[in-house]
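Per UniProt numbering, numbering through the sequence shown is continuous, rising by one, with the last residue being 69.
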Amino acid sequence: MFNSPVRLAATAAGIGAIANTLRLEMVDMTAIPPAGAAFVGALTAGILASLIKSKVGYPRISLTEFHLL
Numbered sequence: 001m002f003n004s005p006v007r008l009a010a011t012a013a014g015i016g017a018i019a020n021t022l023r024l025e026m027v028d029m030t031a032i033p034p035a036g037a038a039f040v041g042a043l044t045a046g047i048l049a050s051l052i053k054s055k056v057g058y059p060r061i062s063l064t065e066f067h068l069l
């Protein structure tokens, strides 16, 4: 994590920002329980990482690991 290239960290941060904001908004604005919102947020992070991985050339797990920390 601390020895990652800046481009990888920035991409993972963007994915995490989108997924976590979605999770927080779902908890605040809807009646979805926190566990359900966390599932949707994690699913969103995984889907975004899958779509982006071929463009940036980093493994999907590397792009989603920062989100989970």
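All C-beta atoms, glycine included, are put in the ideal place defined by N, C-alpha and C.
Reduced DSSP secondary structure (H/G/I, E/B, other) of Pro5: Of the three classes helix, strand and coil, the one that applies to Pro5 here is coil, per DSSP.
Reduced DSSP category for Ile32 - H, G, I as helix; E, B as strand; rest coil: Coil, per DSSP.
Would you decide whether Leu41 is buried or exposed? Buried here means 16 or more other CB atoms lie within 10 Å of its CB. The identity of residue 41 in the sequence shown is Gly, whereas the question assumes Leu. The residue is buried, with at least 16 neighbouring Cβ atoms inside 10 Å.
Mark Leu48 as exposed unless 16 or more other C-beta atoms lie within 10 angstroms of its C-beta, in which case mark it buried. With 16 or more other Cβ atoms within 10 Å, it is buried.
Under 8 Å: do the stretch 3-15 and the stretch 54-63 share three or more Cβ pairs, one atom per stretch? With the cut-off at 8 Å, the stretch 3-15 and the stretch 54-63 touch.
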